[in-house]
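Here's the structure we're looking at; comments come further down.
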Amino acid sequence: MTDVKRWRGLRALIGDAIEHGSAAIERVHLETARRPFAILEQVPGIGERAHTIHQIHDGLVSTVYATIRGVNRALGDTIDAALDQLEQTDTRQGD
Amino acid sequence: MGQKLDTTLALLNGLCGDYLSRTGNGLATEMAWYREGRPVPLVRDAFARAYPAAGARVAVFVHGVMCSETIWALPDGSDYGSLLERDLGFTPLYLRYNSGRAIADNGAALSALLEALLAAHPVPIEEIVPIGYSMGGLVVRSACHAASVGGQRWLSHVRRAIYVGTPHLGAPAERAGRFVTKVLAAIDDPYTRLIADIGDLRSDGVKDLGHADLRHEDRALAASLRDPRHPVPLLCGIAHHLVAGSMAVDPRLAFLFGDAVVPVSSATFAVRGAAADALLPADCVKVLPGVSHLGLAHHPDVYAQLRRWCEEAS
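For the protein sequence lines, the chains are A and B, in the order given. At position 73 of the first sequence (counting the first as 1) the number is 1275 in the working numbering, and the numbers step up by one without a gap. At position 247 of the second sequence (counting the first as 1) the number is 278 in the working numbering, and the numbers step up by one without a gap.
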């Protein structure tokens, strides 16, 4: 029981780290890209195109990080289900 | 494997134990008495089985941040508790707790645990001697404060308390870390802000060490414990004994850098004033040259001093 509880805790901690870590890196990624795009968007002639590319870039970046978080959650749910199964087996064997 | 896992969990709890506790994570350590690496349920039968030779005088050992009760182990396998049991008949009780939680939370929990101990201990308790190492000393002080405010009975059994390498006036390393984090967060750059965010992840317990915050409301106070008007002084009616380590030979360097983690000034509660002088006579403070912060938890010279203080009539 304690072992399963700890495995569950480790799973949750890694899941939280990926969730919050990917969100933090996404912010850095978007902010880093914002600066050169902001300059390009001021240049006459290419400003509008740069703005469009900036929006596409941000959309792609956010989609990639959202996918990472989605896979992380799905993987977490799968491991939780496996741990539930393990816990039930342990309980039955204990009875 | 068991001890390695315990050590890893203790480290993890010190780093982010407040988060683990808040999110109900199974890796969070729950405060309990431990004997030989196993928790002792706080019921009379279990206590009687775990401590068949329990006596009326109890020494309570409270470890520091990011460690567990194994920190007390001397190279020969003994520890201050087993030596006090052999030499003076004390029953040693070892606390394990989540050192990442706020000191105030751990203090309140320890106070409740000691109150329950009065009923669970196999023989009526005459004396409780709390011995806190590093953060453990602040947890002891916080527990004493909680008990004095809450009128809990266990405090009347405490006649002396011993603090080993405890940062009574705060830890400069944590304050420096706090300053660096603030500076990095103020710079308009995503990378420095990311580093600041990572730095800010340190636990409530570690943050409390900066100014030795014993209560939640202390964090908002401009005045730290170094202020004689601070509302949580060393409790009157208890003899307080302080041990500090010092790595430097030069007394001025020793005063500033102490045992390499806690300055001697902080570990010896170097506050001027008549009230502080009355509470801490010179023979209640011992500075040990050549002993590091980690070494203070398991050093023969520290035990010799602890024994001397515990031998004194209370």
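Each residue gets a CB set at the ideal place from its N, CA and C atoms; glycine is no exception.
Close beta carbons around residue i, own chain, < 6 Å, minus the five adjacent residues each side
i	result
residue 206 (chain B)	241
residue 1253 (chain A)	1243
residue 177 (chain B)	138, 139 and 142
residue 272 (chain B)	193, 315 and 340
residue 85 (chain B)	122, 153 and 154
residue 246 (chain B)	135
residue 1220 (chain A)	1274
residue 195 (chain B)	164, 274 and 327
Span separating the alpha-carbon of residue i from that of residue j
i	j	result
residue 310 (chain B)	residue 265 (chain B)	8 Å
residue 1245 (chain A)	residue 1226 (chain A)	30 Å
residue 105 (chain B)	residue 57 (chain B)	30 Å
residue 46 (chain B)	residue 1249 (chain A)	47 Å
residue 330 (chain B)	residue 297 (chain B)	20 Å
residue 164 (chain B)	residue 1222 (chain A)	34 Å
residue 110 (chain B)	residue 248 (chain B)	36 Å
residue 338 (chain B)	residue 112 (chain B)	10 Å
residue 204 (chain B)	residue 1261 (chain A)	42 Å
residue 1209 (chain A)	residue 282 (chain B)	49 Å
residue 1271 (chain A)	residue 1216 (chain A)	12 Å
residue 166 (chain B)	residue 95 (chain B)	5 Å
residue 90 (chain B)	residue 54 (chain B)	33 Å
residue 1265 (chain A)	residue 197 (chain B)	49 Å
residue 1285 (chain A)	residue 1269 (chain A)	24 Å
residue 235 (chain B)	residue 1247 (chain A)	53 Å
residue 214 (chain B)	residue 233 (chain B)	16 Å
residue 1279 (chain A)	residue 131 (chain B)	27 Å
residue 78 (chain B)	residue 70 (chain B)	10 Å
residue 267 (chain B)	residue 116 (chain B)	27 Å
residue 336 (chain B)	residue 301 (chain B)	20 Å
residue 343 (chain B)	residue 97 (chain B)	32 Å
residue 201 (chain B)	residue 62 (chain B)	24 Å
residue 170 (chain B)	residue 1241 (chain A)	54 Å
residue 1218 (chain A)	residue 1277 (chain A)	12 Å
residue 107 (chain B)	residue 160 (chain B)	24 Å
Interface residues of chain D facing residue i [CB-CB closer than 8 Å]
i	result
residue 1211 (chain A)	The displayed structure is made up of protein chains A and B, and chain D is not among them.
Span of the alpha helix (DSSP H) around residue i
i	result
residue 52 (chain B)	33-53
residue 1227 (chain A)	1204-1242
residue 111 (chain B)	111-119
residue 148 (chain B)	134-151
residue 286 (chain B)	282-288
residue 240 (chain B)	235-240
residue 338 (chain B)	331-342
Residue i - containing beta strand (DSSP E), residue span
i	result
residue 223 (chain B)	Element bounds for residue 223 (chain B): not the beta strand (DSSP E) but the alpha helix (DSSP H), 221-230.
residue 64 (chain B)	63-66
residue 158 (chain B)	158-164
residue 276 (chain B)	270-277
residue 198 (chain B)	Where residue 198 (chain B) is concerned, there is no enclosing beta strand (DSSP E), given that its DSSP letter is neither H nor E.
residue 82 (chain B)	Looking at the DSSP string, residue 82 (chain B) is not in any beta strand (DSSP E), and its letter there is neither H nor E.
residue 123 (chain B)	122-127
residue 1245 (chain A)	Unbroken run through residue 1245 (chain A): none, as it is neither H nor E.
residue 70 (chain B)	69-71
residue 318 (chain B)	316-320
Spatial neighbours of residue i in its chain, beta-carbon cut-off 8 Å, leaving aside the 5 residues before and after
i	result
residue 285 (chain B)	277, 278, 279, 295, 318 and 320
residue 59 (chain B)	44, 48, 51, 52 and 129
residue 209 (chain B)	238 and 241
residue 1239 (chain A)	1252, 1253, 1255, 1256 and 1259
residue 1263 (chain A)	1228, 1231, 1232 and 1235
residue 1203 (chain A)	Any reading at residue 1203 (chain A) must be qualified, since the residue scores a pLDDT of 48, below 50, and its modelled position is unreliable; no value is offered.
residue 100 (chain B)	65, 92, 94, 125, 126 and 127
residue 332 (chain B)	319 and 322
7 Å CB neighbourhood of residue i in its chain, flanking five on each side removed
i	result
residue 231 (chain B)	212
residue 326 (chain B)	276
residue 1288 (chain A)	1206
residue 33 (chain B)	68
residue 184 (chain B)	146 and 149
residue 323 (chain B)	276, 278, 290 and 291
residue 186 (chain B)	175, 178 and 179
residue 347 (chain B)	Any property of residue 347 (chain B) remains undetermined from this structure, which presents chain B solely from 32 to 345.
residue 1224 (chain A)	1267, 1270 and 1271
residue 299 (chain B)	273, 275, 316 and 318
residue 190 (chain B)	158, 269, 270 and 345
Residue i beta carbon near the ligand NAP (any heavy atom closer than 7 Å)
i	result
residue 227 (chain B)	What this structure holds is no ligand at all, so the ligand NAP is not there to describe.
Is it true that the stretch 219-226 of chain B meets the stretch 1227-1242 of chain A, where meeting means three or more beta-carbon pairs spaced less than 8 Å apart? Contact holds: three or more Cβ-Cβ distances are below 8 Å.
Give, in chain order, every residue of the stretch 209-225 of chain B whose Cβ lies closer than 9 Å to some Cβ of chain A. For the stretch 209-225 of chain B, the set of positions with a beta-carbon nearer than 9 Å to some beta-carbon of chain A reads 220, 221, 222, 224 and 225 in chain order.
Contact residues within the stretch 1224-1244 of chain A, judged by C-beta distance below 8 Å to chain B: For the stretch 1224-1244 of chain A, the set of positions with a beta-carbon nearer than 8 Å to some beta-carbon of chain B reads 1226, 1227, 1229, 1230, 1233 and 1234 in chain order.
Using a beta-carbon distance cut-off of less than 7 Å, what residues from the stretch 1262-1286 of chain A approach chain B? Result list empty, no residue passes.
Can you pull out the residues from the stretch 227-253 of chain B whose beta carbon lies closer than 7 Å to at least one beta carbon of chain A? Taken in chain order, the members of the stretch 227-253 of chain B whose beta-carbon sits within less than 7 Å of a beta-carbon on chain A are 228.
Validate contact between the stretch 35-55 of chain B and the stretch 114-125 of chain B using beta carbons, cut 8 Å, 3 pairs: With the cut-off at 8 Å, the stretch 35-55 of chain B and the stretch 114-125 of chain B do not touch.
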